[in-house]
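To keep things clear, I will list the structure first and then write my remarks on it.
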Amino acid sequence: MRPHVDQRQAQVLALVGARGSVRVADLAQELGVSPVTLRRDIEAMAARGEIRRMHGVISRVEGGRAGGAAAARESASAASASASAGTASSAEDRAGASGLVIGMVVPTTEYYYADVVRGAREVVEARGARLTVGLTRYLPGEDRTQADRLLSTGADGLLLTPNWDAGSPGPGEGAWTAELPVPTVLVERWAPPGHPAAALDRVASDHAHGAATAVQHLVERGHRRIALAGRATPTTPRLRAGYEAAVAALGLEPAPPWPAAGPGPLSDADLFARTLEYLCEAVTAGGVSAALIHSDTDAIMLIPRLQARGVRVPEDLAVITYDDEVAGLADVPLSAVAPAKREVGARAAGLLLDRLTAAGGERGEGPRQHVELLPRLTIRS
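Residues in the sequence shown are numbered from 3 upward in steps of one, following our numbering.
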């Protein structure tokens, strides 16, 4: 055993002996080590009969090391029985994820994020770990509150989707995500170069590529003036970047600009009405013949209103939607771009578990990864 490991385990033994019991999360913070490193120490010490462990708490063994010998024999016997339990159990043990708790903070478990959470859960549970979820409902500051709550209940690592309006933090925003005491992966969020969170692992959909794919398909169908429409979401800046890049690269005629917003914030109803007015004007006076609309629900609500105003779909306006949550359920099924939501959650969870189970378990090991998954265009007639 390495000297610093001996010293750390001696500290653990002394603290547990003095206090009787202690929470693992508190002990990791006090000793200045990662929860995963401490967990490895605890497993070794429990196998030797030096301490008792329960979920999130360790306590001293009455009778000291003499009693510990019997406990060690019991532990060895249990390990032998476990080894015969089967291939699946052995695979989980090799992965080192059994017993880990993964905290996941998302705005909601509905609509877009339902599949993201589902993908993460499948991977976490397949590797013998447990997923706990905190919801923010897009409330300001709630993402940090939920992250702190999950950490306080024993999360070994975090999957975070912070409430960043543009999908990435503004100046002075979100630095706390880089200061968390456990390995952390951003999910469907980005941090610009130079921002503290830019050094975090992240897994996201390449929404810019998705928008460009839609524009390219519409061009192949003969459209030369294509609009991007929809209410602003954290996805919108990336969609607009991909849309504008494709318009420039393909030499298209630009669509009419959006009208300037009035003073003060607009309600959802006002924003929806603004999108409707923009599309009607863009088709009747601006020469637009196709549009990428974000999201599916807006598109399904817009189409009958456009038709009531004399804009026929698809004769006057070809439509592709973005998200593909319910596009196929429209009375006339809509072509749509689908981000790989389930795969985003799965890849993020796998990346975090790999961090937690890496040799040594230290947060700083290995190069960070920025993974972008390409959305897929589904054509429906």
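Where a beta carbon is used, it is the ideal one built from N, C-alpha and C, also for glycine. Small disclaimer: the values here were computed from a predicted structure and weren't measured.
Inset, instruction - Whole angstroms is fine: what's the gap from Ala-293's alpha carbon to Ala-320's? - result: As a position in the sequence shown, residue 293 is number 291, starting the count at 1. As a position in the sequence shown, residue 320 is number 318, starting the count at 1. Cα-Cα distance, rounded: 6 Å.
Inset, instruction - Provide the residue(s) that pair with Asp-356 in DSSP beta bridges, ordered along the chain. - result: What you label residue 356 is simply residue 354 of the sequence shown in a count that begins at 1. Beta-bridge pairing links Asp-356 to no other residue.
Inset, instruction - Label Trp-166 either buried or exposed according to how many other C-beta atoms from any shown protein chain fall within 10 Å of its C-beta, with 16 as the threshold for buried. - result: Numbered from 1 along the sequence shown, position 164 holds the residue referred to as residue 166. Looking at its Cβ environment, which holds 16 or more other Cβ atoms inside 10 Å, Trp-166 is buried.
Inset, instruction - May I ask you to report which of helix, strand or coil DSSP gives Arg-67? - result: Walking along the sequence shown from the start, residue 67 turns up at place 65. Low confidence applies to Arg-67: its pLDDT is 41, below 50, so where it sits in the model is not reliable enough to give any reading.
Legend entry - Separation of Tyr-140 from Ala-210, as counted between CA atoms: Counted from its first residue, the sequence shown places residue 210 at position 208. Counted from its first residue, the sequence shown places residue 140 at position 138. Their Cα atoms are separated by approximately 23 Å.
Inset, instruction - For the beta strand (DSSP E) containing Glu-124, list its first residue and its last residue. - result: On the sequence shown, position 122 is the one that residue 124 refers to. Annotation: Glu-124 is outside any beta strand (DSSP E); the continuous alpha helix (DSSP H) that includes it extends over 114 to 128.
Legend entry - Alpha-carbon to alpha-carbon, Ile-302 and Ala-216: Here the question's residue 216 lines up with position 214 in the sequence shown. Here the question's residue 302 lines up with position 300 in the sequence shown. The straight-line gap from Cα to Cα measures roughly 18 Å.
Inset, instruction - Flag this pair as touching only if the region 180 to 187 and the region 198 to 214 have three or more C-beta atom pairs under 8 Å; answer yes or no. - result: yes
Legend entry - Residues of its chain near Ala-80, where Cβ-Cβ distance is below 6 Å and the 5 sequence neighbours each way are ignored: Counting from 1 along the sequence shown, the entry for residue 80 is found at position 78. Its pLDDT being 38, under 50, Ala-80 is placed unreliably by the model, and the measurement read from it follows with that caveat. So no residue of the chain qualifies.
Inset, instruction - Report back the beta-carbon spacing between Leu-354 and Gly-159 to the nearest angstrom; my notes put them in contact at under 8 Å. - result: What you label residue 354 is simply residue 352 of the sequence shown in a count that begins at 1. What you label residue 159 is simply residue 157 of the sequence shown in a count that begins at 1. Gly-159 and Leu-354 do touch by the CB rule: their CB atoms are close to 5 Å apart, below 8 Å.
Inset, instruction - Can you grab the Cα-Cα spacing for the pair Val-373 / Pro-259, in whole Å? - result: Numbered from its first residue, the sequence shown carries residue 373 at position 371. Numbered from its first residue, the sequence shown carries residue 259 at position 257. Each residue's Cα considered, the two are about 33 Å apart.
Inset, instruction - Please go through the same chain and pick out, in chain order, the residues whose beta-carbon is closer than 7 Å to the beta-carbon of Cys-282, but skip the five residues on each side of it. - result: Translated into positions along the sequence shown, residue 282 becomes position 280. Hits under 7 Å: Leu-308, Arg-311 and Val-313.
Inset, instruction - Starting from the Cα of Gly-289, find the closest Cα among Arg-227, Pro-341 and Leu-40 and give me that residue. - result: Locating residue 289 in the sequence shown gives position 287, counting from the first residue. The candidate whose alpha carbon is nearest that of Gly-289 is Arg-227.
Inset, instruction - Can you tell me which of the three DSSP states Arg-62 falls into? - result: Translated into positions along the sequence shown, residue 62 becomes position 60. Assignment of Arg-62 by DSSP, reduced to helix, strand and coil, places it in the strand class.
Inset, instruction - Look at Arg-123 and Ala-351 and say whether their C-beta atoms are less than 9 Å apart. - result: Position 121 of the sequence shown, counted from the first residue, corresponds to residue 123. Position 349 of the sequence shown, counted from the first residue, corresponds to residue 351. Yes; because the gap between Cβ atoms is below 9 Å, this pair is in contact.
Inset, instruction - Determine, using beta carbons only, whether Ser-23 and Val-59 come nearer to each other than 9 Å. - result: Here residue 23 refers to the residue found at position 21 of the sequence shown. Here residue 59 refers to the residue found at position 57 of the sequence shown. Yes, Cβ-Cβ distance for Ser-23 and Val-59 is below 9 Å.
Inset, instruction - Please name the residue or residues paired with Arg-204 in a DSSP beta bridge. - result: Reading the sequence shown from its first residue, position 202 is the one you call residue 204. Arg-204 is bridged to Leu-188 and His-372.
Legend entry - Ile-305 versus Leu-278 - alpha carbon distance: As a position in the sequence shown, residue 305 is number 303, starting the count at 1. As a position in the sequence shown, residue 278 is number 276, starting the count at 1. Approximately 9 Å, taken between the alpha carbons.
Inset, instruction - Check whether the region 137 to 156 touches the region 98 to 117, counting contact only when three or more Cβ pairs, one atom from each stretch, lie closer than 8 Å. - result: yes
Inset, instruction - Report the rounded CA-to-CA distance for Ser-61 versus Leu-33, giving the unit in angstroms. - result: Here residue 61 refers to the residue found at position 59 of the sequence shown. Here residue 33 refers to the residue found at position 31 of the sequence shown. Rounded to the nearest angstrom, the two C-alpha atoms are 17 Å apart.
Legend entry - Identity of the residues DSSP links to Met-106 by a beta bridge: Sequence index remark: in the sequence shown, residue 106 carries index 104 (1-based). Looking at the DSSP assignment, Met-106 forms a beta bridge with Val-135 and Leu-161.
Inset, instruction - Assign Arg-75 to buried or exposed, taking buried as 16 or more other Cβ atoms, counted over all protein chains shown, within 10 Å of its Cβ. - result: Here the question's residue 75 lines up with position 73 in the sequence shown. At Arg-75, the pLDDT of 41 sits below 50, so the modelled position is not reliable and the matter cannot be decided from this model.
Inset, instruction - Counting only the same chain and skipping the five closest in sequence on each side, list residues whose C-beta sits under 6 Å from that of Val-118. - result: Locating residue 118 in the sequence shown gives position 116, where the first residue counts as 1. Once the five neighbours on either side are set aside, the close Cβ partners of Val-118 are Lys-343, Val-346 and Gly-347.
Inset, instruction - Could you please give me the residues that DSSP links to Thr-323 through a beta bridge? - result: Counting from 1 along the sequence shown, the entry for residue 323 is found at position 321. Answer is Ile-295 and Ala-338.
Legend entry - Exposure of His-296, with buried meaning 16 or more beta-carbon neighbours within 10 Å: Your numbering for residue 296 matches position 294 in the sequence shown. Classification of His-296: buried, given that the 10 Å Cβ count is 16 or more.
Legend entry - Check whether Leu-102 and Arg-146 have beta carbons under 9 Å apart: The sequence position of residue 102 within the sequence shown is 100, counting from 1. The sequence position of residue 146 within the sequence shown is 144, counting from 1. 9 Å or more divides the Cβ of Leu-102 from the Cβ of Arg-146.
Inset, instruction - Quick one: using the 10 Å Cβ neighbour count with 16 as the cut-off for buried, is Val-14 buried or exposed? - result: Start at 1 with the first residue of the sequence shown, and residue 14 comes out as number 12. The residue is buried, with at least 16 neighbouring Cβ atoms inside 10 Å.
Inset, instruction - Check whether the Cβ atoms of Arg-233 and Asp-270 sit closer than 9 Å, and answer yes or no. - result: Here residue 233 is taken as the residue at index 231 of the sequence shown, counted from 1. Here residue 270 is taken as the residue at index 268 of the sequence shown, counted from 1. Yes, Cβ-Cβ distance for Arg-233 and Asp-270 is below 9 Å.
Inset, instruction - Just grab the DSSP bridge partners of Arg-54 for me. - result: The residue you call residue 54 lines up with position 52 of the sequence shown. Its beta-bridge partners are Ser-61.
Legend entry - Secondary structure of Thr-235, DSSP reduced to three states: Position 233 of the sequence shown, counting from 1, holds the residue named residue 235. Residue state, collapsed to three classes: coil.
Legend entry - 8 Å CB neighbourhood of Ile-322 in its chain, flanking five on each side removed: Counting from one through the sequence shown, the residue named residue 322 turns up at place 320. Contacts found: Ala-216, His-219, Leu-220, Ala-292, Ala-293, Leu-294, Ile-295, Leu-336, Ser-337, Ala-338, Val-339 and Leu-379.
Inset, instruction - May I ask you to list the residues that DSSP assigns as paired with Ala-229? - result: Along the sequence shown, read from residue 1 onward, the residue named residue 229 stands at position 227. DSSP, once it has assigned bridges, lists Ala-293 as partnering Ala-229.
Inset, instruction - Given a cut-off of 9 Å, decide if Ala-177 and Arg-191 are closer than it, judged by their beta-carbon atoms. - result: If you number the sequence shown from 1, residue 191 lands on position 189. If you number the sequence shown from 1, residue 177 lands on position 175. No, these two residues do not count as a Cβ contact at 9 Å.
Inset, instruction - Take Ala-287 as the anchor and find which of Ala-116, Pro-265, Ala-257 and Val-315 has the nearest alpha-carbon. - result: In the sequence shown, residue 287 corresponds to position 285, counting from 1. With distances taken between Cα atoms, Ala-287 lies closest to Ala-257.
Legend entry - Beta-carbon spacing of Leu-358, Val-38 below 9 Å: For this step, residue 358 is matched to residue 356 along the sequence shown. For this step, residue 38 is matched to residue 36 along the sequence shown. The answer is yes: Cβ separation under 9 Å.
Inset, instruction - Figure out for me which residue from Glu-327, Ala-229, Ala-329 and Val-18 has the closest Cα to the Cα of Asp-318. - result: By one-based count along the sequence shown, residue 318 stands at place 316. Ranking Glu-327, Ala-229, Ala-329 and Val-18 by Cα distance to Asp-318 puts Ala-229 first.
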